[in-house]
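Sequences listed follow chains A and B, in order. Note that numbering that gives the first Met the number 0 gives residue 302 to position 303 of the first sequence, counting from 1, and the numbers run on in steps of one. Note that numbering that gives the first Met the number 0 gives residue 361 to position 362 of the second sequence, counting from 1, and the numbers run on in steps of one. The beta-carbon is built from N, C-alpha and C at its ideal position, and this holds for glycine as well.
2 protein chains.
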Amino acid sequence: MMKSFFYPKSVAVIGASHEEGKIGHVIFRNLLEKFRGKVYPINPKTEPIFGQKVYPSILDVKGDVDLAIIAVNASIVPKVLEECGKKNVKNVVIISSGFSETGSQKGIELEQEIKNIAKSYGIRIIGPNTIGIFNSENGLDATFFLEKDVKKPKDGNISFFTQSGTIGILALDILAKENIGVAKLVSYGNAIDLNESDFIEYFAKDEKTKIIAGFIESVRNGRKLIDVLRKNKKPVVLLKGGKTVFGSRATSSHTSSLAGDYKVYSNIFKQLNVIEAETWDDLIDYLRILSIGRKANGKRLGIVTNAGGFGVLASDYAFKLGLELPEPSEKLKKKLSKILPSYASTKNPIDITADADVDRYVKVLRILDKSKEFDMLLVIVLVQTPTLTKELFEVLNINKPFSICMVGTKAEEIKKSLDKKLPIFESPERAVKALKVLSELKA
Amino acid sequence: MMKSFFYPKSVAVIGASHEEGKIGHVIFRNLLEKFRGKVYPINPKTEPIFGQKVYPSILDVKGDVDLAIIAVNASIVPKVLEECGKKNVKNVVIISSGFSETGSQKGIELEQEIKNIAKSYGIRIIGPNTIGIFNSENGLDATFFLEKDVKKPKDGNISFFTQSGTIGILALDILAKENIGVAKLVSYGNAIDLNESDFIEYFAKDEKTKIIAGFIESVRNGRKLIDVLRKNKKPVVLLKGGKTVFGSRATSSHTSSLAGDYKVYSNIFKQLNVIEAETWDDLIDYLRILSIGRKANGKRLGIVTNAGGFGVLASDYAFKLGLELPEPSEKLKKKLSKILPSYASTKNPIDITADADVDRYVKVLRILDKSKEFDMLLVIVLVQTPTLTKELFEVLNINKPFSICMVGTKAEEIKKSLDKKLPIFESPERAVKALKVLSELKA
Chain A
0 MMKSFFYPKS VAVIGASHEE GKIGHVIFRN LLEKFRGKVY PINPKTEPIF GQKVYPSILD
60 VKGDVDLAII AVNASIVPKV LEECGKKNVK NVVIISSGFS ETGSQKGIEL EQEIKNIAKS
120 YGIRIIGPNT IGIFNSENGL DATFFLEKDV KKPKDGNISF FTQSGTIGIL ALDILAKENI
180 GVAKLVSYGN AIDLNESDFI EYFAKDEKTK IIAGFIESVR NGRKLIDVLR KNKKPVVLLK
240 GGKTVFGSRA TSSHTSSLAG DYKVYSNIFK QLNVIEAETW DDLIDYLRIL SIGRKANGKR
300 LGIVTNAGGF GVLASDYAFK LGLELPEPSE KLKKKLSKIL PSYASTKNPI DITADADVDR
360 YVKVLRILDK SKEFDMLLVI VLVQTPTLTK ELFEVLNINK PFSICMVGTK AEEIKKSLDK
420 KLPIFESPER AVKALKVLSE LKA
Chain B
0 MMKSFFYPKS VAVIGASHEE GKIGHVIFRN LLEKFRGKVY PINPKTEPIF GQKVYPSILD
60 VKGDVDLAII AVNASIVPKV LEECGKKNVK NVVIISSGFS ETGSQKGIEL EQEIKNIAKS
120 YGIRIIGPNT IGIFNSENGL DATFFLEKDV KKPKDGNISF FTQSGTIGIL ALDILAKENI
180 GVAKLVSYGN AIDLNESDFI EYFAKDEKTK IIAGFIESVR NGRKLIDVLR KNKKPVVLLK
240 GGKTVFGSRA TSSHTSSLAG DYKVYSNIFK QLNVIEAETW DDLIDYLRIL SIGRKANGKR
300 LGIVTNAGGF GVLASDYAFK LGLELPEPSE KLKKKLSKIL PSYASTKNPI DITADADVDR
360 YVKVLRILDK SKEFDMLLVI VLVQTPTLTK ELFEVLNINK PFSICMVGTK AEEIKKSLDK
420 KLPIFESPER AVKALKVLSE LKA
């Protein structure tokens, strides 16, 4: 069933609008431009849109419709959903808002009405009150944002579920901007039918998905959530909103559901090896490093740096996070000394000093990468020194789990120009924190 | 005395090199291009550099020299420093490295030798082992990085001292990139003479400086530091390196000085109202908001958002940091309701919903800015919605302390295109954390 949401052969956009800027217009345009399948625009006003024949109702479409995207005024949703039922459409995404999230009696009643209709026809629903769904594999961009406003990520191994539309939009954009690929994304809003547990269950089985990520405000079915998390074998990163009294008050204005007892969930998450992101930055940082697909077998971190001060900050933070920063053995120190100038430090951080060039980095990293004394490596690079060039990142070849820290205008330019997918962080502490996640992944 | 370091009439660059890429070449070029004063290149090889007459020794310069920048091999430093003494130069910045920071006997002895020379001539020293000093007011860019590698900030109200050269370079670049102005910056390396306390003391009196920031690894004179901090009336942001056993091991390889008992200092810092930045990101974020020059008189935060999910994250974080998020009074709620659609929330966060336009933001913010129920405001803007434009930031006019959170490619474009100086943050949590700093500033 869930597969039909992400891999439909044909999609109807109910409320495909003639007016630029309208939600139904943008979704239809995104699908028309990208989706590798049939797209039917539905609108009682039947003038063609982008030269495409418009159907007054989904009932007028001749072929099968695997997925309907509803983007009409809330009050019309019951009518068009009923028509979906009659057309035997089994999968519907309701983008429209104006339901229980408004807190109004009318909204709550309307939501109950569409629940009843869906039930009577056996329709599965994502939404209402969502920004849509996205699948990079087949161009299913059923979101109501154009590329000019929100960048869409390239094909990748992360699948993302989110209760909040904002988080969905911004995750797409930031991941695209940071060149982190995405397999699938779903925004599920009020979750009158399918919810976080269903998506985790599906992503756990989905071949394209290697990392599961999500933003949850309220848990709809705690027992099922625990059950699907227990069965899942893939890394799961969760950002939980509504963890505090302030946050839950904010959620109740937002998707009108209780935020749940956070501490209870947080403990369960820990037991189930869920990686909890504390902040928005954490979420993106963790996805950045997990998308590389490595895992550390221990907490022993080796730091290589040409920038003393950043080595110090990274070391302090490694201590704070409970990582180990072992000093190299005498044997290893000797090996390193052979290729380092006398004023370099072979302790950990291994400070290869400000005059380090590409060759010195490569040689030191080769030795450390082969060594059994470290489980993961942090490479700090002050790219602003005259002895270093972009070439370092082109030739960099590390087998251990690693992260890179480089900062500044020049670092950003280099990062943008790289074809290679590298876990680059713009602060020493964030580079360390990401590595900690790799050291805590379950087997 | 310190004023002559930052406001010399004439500067000699000892070791001004003919070779591009050499430290002495770059410093001379930076000064020649930017410094509003006389610059004398000194080099035994007397072919002109950039058409400028080169003096074989500082003793050959006819006029007075207020400041000498030494960028020669460590072994030659005693000789040229002696010449500075004979020339009656009282202020010297020693860029050269190769002293006690190497840990070598030779380096330690050389350092003692230059200390003795300086003492016998009454020369005050910054360094050795520094990236130099910088004053945006008179173009004194005596750092060895060209603009193509490291951006230099525009004139501003922050003055920065740093033991670590890396931190100095990257602070200049990041602050420039983020359009945050800098008054003065000094990297003081091994601090054989002037140290953090001297710079704090000077910046506390310097008219251009409104905010003092610094990176310290080791404290040279604890009593003096406490004394100057106690007398200072300006906000001080400190990032301390070597807080942990890992970090102090890293510093000892770096500037060869004990990191000190961090907890002792941390407690003293708190008592003296020093704002401690825990991470590199914190440091930049705090400077971003402090540079605006506002101060909150309490902890009552009002959040306005068109993006529910980010409102939730900001609220949770405000709770975590001990800020208050009061619900508006009934009277205030009524005022807000008049200009908001029925499905908006007048609780706090005030969720003005995804269809908010510039006008709605402006009206709501005007009401909140006038209200006595909040001490500061957080404005979260999902700029990706079709109803919003860049105009919002042009017309934004808030009198209370505030921060803005906007995220994504479009947010970055808008931020870059704004002439106005706004405290914009790319994560809801960081926007909240910065406001907390404003709520803790001493009167």
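**Prompt:** Which residues mark the beginning and the end of the alpha helix (DSSP H) in which B:Asp368 is found?
**Reply:** As a working mapping, residue 368 of chain B is identified with position 369 in the second sequence. Its alpha helix (DSSP H) spans residues Val357 to Lys369.
**Prompt:** Between the stretch 372-389 of chain A and the stretch 306-317 of chain A, are three or more C-beta pairs nearer than 8 Å?
**Reply:** yes
**Asked** Among all the DSSP beta bridges, which residues are the ones paired with A:Met375?
**Response** Taking the first residue of the first sequence as 1, we reach residue 375 of chain A at position 376. Its beta-bridge partners are A:Leu300.
**Item:** A:Glu277 versus A:Ser217: straight-line alpha-carbon distance, rounded
**Value:** As a working note, residue 277 of chain A is residue 278 in the first sequence. As a working note, residue 217 of chain A is residue 218 in the first sequence. One C-alpha to the other measures close to 16 Å.
**Message:** Counting only Cβ-Cβ distances shorter than 7 Å, please list the residues of the stretch 263-291 of chain B near chain A, keeping chain order.
**Reply:** Thr278, Trp279 and Asp280
**Request:** Label A:Asp140 either buried or exposed according to how many other C-beta atoms from any shown protein chain fall within 10 Å of its C-beta, with 16 as the threshold for buried.
**Result:** Sequence index remark: in the first sequence, residue 140 of chain A carries index 141 (1-based). Classification of A:Asp140: buried, given that the 10 Å Cβ count is 16 or more.
**Prompt:** Along the chain, where does the beta strand (DSSP E) that runs through B:Ala447 open and close?
**Reply:** No information on residue 447 of chain B is available, as it lies outside the stretch 0 to 442 that chain B covers here.
**Asked** By the 10 Å Cβ neighbour count, where 16 or more other Cβ atoms means buried, how is B:Asn29 classified, buried or exposed?
**Response** Counting from one through the second sequence, the residue named residue 29 of chain B turns up at place 30. Buried: at least 16 other Cβ atoms inside 10 Å.
**Request:** Compile a chain-ordered list of the residues in the stretch 348-363 of chain A whose CB is closer than 7 Å to at least one CB of chain B.
**Result:** Pro348 and Asp350
**Message:** Closer than 8 Å is the cut-off here; do at least three beta carbon pairs connect the stretch 279-295 of chain B with the stretch 177-184 of chain B?
**Reply:** yes
**Message:** Distance cutoff 7 Å, beta carbons only. Does A:Gly213 sit that close to anything in chain B?
**Reply:** Taking the first residue of the first sequence as position 1, residue 213 of chain A is located at position 214. Closer than 7 Å: no.
**Prompt:** With a CB to CB cut of under 7 Å and the five nearest residues on each side skipped, what residues in its chain are close to A:Ser252?
**Reply:** Stepping through the first sequence from its first residue, residue 252 of chain A is reached at position 253. Because A:Ser252 sits at a pLDDT of 48, beneath the cut-off of 50, its placement in the model cannot be relied upon, and the point is left open.
**Prompt:** Hey, B:Pro40 and B:Ala70: beta-carbon distance below 7 Å or not?
**Reply:** Here residue 40 of chain B refers to the residue found at position 41 of the second sequence. Here residue 70 of chain B refers to the residue found at position 71 of the second sequence. No, Cβ-Cβ distance for B:Pro40 and B:Ala70 is not below 7 Å.
**Request:** Check each candidate in A:Glu329, A:Val303, A:Phe214 and A:Gly307 and name the one with the smallest Cα separation from A:Glu275.
**Result:** As a first step, residue 275 of chain A is located in the first sequence; it is residue number 276 there, counting from the start. Per the C-alpha coordinates, the member of A:Glu329, A:Val303, A:Phe214 and A:Gly307 positioned closest to A:Glu275 is A:Phe214.
**Asked** Hey, would you say A:Ile57 sits closer than 7 Å to A:Lys86, going by beta carbons?
**Response** As a first step, residue 57 of chain A is located in the first sequence; it is residue number 58 there, counting from the start. As a first step, residue 86 of chain A is located in the first sequence; it is residue number 87 there, counting from the start. For the pair A:Ile57 and A:Lys86, the CB atoms are nearer than the 7 Å cut-off.
**Request:** Give the secondary structure of B:Gln111 by DSSP, where H, G and I count as helix, E and B as strand, and everything else as coil.
**Result:** To locate residue 111 of chain B, count along the second sequence from 1; it is residue 112. B:Gln111: helix per DSSP, three-state reduction.
**Where the stretch 14-42 of chain A meets chain B: residues whose CB sits under 7 Å from a CB there** = Correct list: Gly20.
**Message:** Using C-beta distances below 7 Å, list every residue in its chain close to B:Ser255, excluding the 5 sequence neighbours before and after it, in chain order.
**Reply:** To locate residue 255 of chain B, count along the second sequence from 1; it is residue 256. Only weak support exists for where B:Ser255 lies, its pLDDT of 45 falling under 50; the value from the coordinates is given anyway. The residues are Ser99, Glu100 and Gly102.
**Asked** By how many angstroms is the C-alpha of B:Gln270 removed from the C-alpha of B:Pro127?
**Response** The count along the second sequence starts at 1 and reaches residue 127 of chain B at position 128. The count along the second sequence starts at 1 and reaches residue 270 of chain B at position 271. Cα to Cα, B:Pro127 sits roughly 32 Å from B:Gln270.
**Three CB pairs or more closer than 8 Å across the stretch 103-117 of chain A and the stretch 70-81 of chain A** = yes
**Request:** Scan the stretch 303-320 of chain A for residues whose Cβ lies nearer than 9 Å to a Cβ of chain B and list them as they occur along the chain.
**Result:** Thr304, Asn305, Ala306, Gly307, Gly308, Phe309, Gly310, Val311, Leu312, Ala313, Ser314, Asp315, Tyr316, Ala317, Phe318 and Lys319
**Message:** Assuming the contact rule is C-beta atoms closer than 8 Å, B:Phe373 and B:Arg299 should be a hit. Round their C-beta distance to whole Å, please.
**Reply:** As a first step, residue 373 of chain B must be located in the second sequence, where it is residue number 374. As a first step, residue 299 of chain B must be located in the second sequence, where it is residue number 300. 5 Å between Cβ atoms; contact.
**Message:** If you reduce the DSSP assignment to three classes, tell me which class A:Ala141 lands in.
**Reply:** Here residue 141 of chain A refers to the residue found at position 142 when the first sequence is read from its first residue. A:Ala141: strand per DSSP, three-state reduction.
**Request:** Establish whether the CB of B:Glu428 and some CB of chain A are separated by less than 7 Å.
**Result:** In the second sequence, residue 428 of chain B corresponds to position 429, counting from 1. Yes, contact with chain A.
**Asked** How about A:Ile168: is its C-beta nearer than 7 Å to some C-beta of chain B?
**Response** Looking up residue 168 of chain A in the first sequence gives position 169. Cβ-Cβ to chain B under 7 Å: yes for A:Ile168.
**Request:** State buried or exposed for A:Met0, treating a residue as buried only when at least 16 other CB atoms are found within 10 Å of its CB.
**Result:** Numbered from 1 along the first sequence, position 1 holds the residue referred to as residue 0 of chain A. When all chains shown are included, A:Met0 counts as exposed.
**Request:** List the residues that DSSP assigns as beta-bridge partners of B:Gly131.
**Result:** Locating residue 131 of chain B in the second sequence gives position 132, counting from the first residue. Partner(s): B:Thr142.
**Request:** Measure the Cβ-Cβ separation of A:Thr161 and A:Ser186 and say whether it is below 7 Å.
**Result:** The residue labelled residue 161 of chain A in the question sits at position 162 within the first sequence. The residue labelled residue 186 of chain A in the question sits at position 187 within the first sequence. Yes, the Cβ-Cβ distance between A:Thr161 and A:Ser186 is below 7 Å.
**Request:** In angstroms with no decimal places, state the Cα-to-Cα distance between B:Lys419 and B:Asn396.
**Result:** In the second sequence, residue 419 of chain B corresponds to position 420, counting from 1. In the second sequence, residue 396 of chain B corresponds to position 397, counting from 1. It is roughly 11 Å from the alpha-carbon of B:Lys419 to the alpha-carbon of B:Asn396.
**Prompt:** Going along chain A, which residues have a C-beta under 8 Å from B:Leu381?
**Reply:** Along the second sequence, one-based indexing puts residue 381 of chain B at 382. The contacting residues are Thr165, Ile168 and Leu169.
**Item:** Through-space distance from B:Val235 to B:Gly308, alpha-carbon basis
**Value:** What you label residue 308 of chain B is simply residue 309 of the second sequence in a count that begins at 1. What you label residue 235 of chain B is simply residue 236 of the second sequence in a count that begins at 1. So the alpha carbons of these two residues sit roughly 34 Å apart.
**Asked** Based on the DSSP secondary-structure assignment, which residues constitute the bridge partners of B:Arg123?
**Response** Taking the first residue of the second sequence as 1, we reach residue 123 of chain B at position 124. In DSSP, B:Arg123 forms a bridge with B:Asn90.
**Message:** Taking the beta carbon of B:Gly155 as the centre, do at least 16 other beta carbons fall within 10 Å, making it buried, or is it exposed?
**Reply:** The residue given as residue 155 of chain B occupies position 156 in the second sequence. Buried: at least 16 other Cβ atoms inside 10 Å.
**Prompt:** Taking any Cβ of chain A, which residues in the stretch 221-250 of chain B have a Cβ under 8 Å from it, in chain order?
**Reply:** Leu238, Gly240, Gly241, Lys242, Thr243, Val244, Phe245, Gly246, Arg248, Ala249 and Thr250
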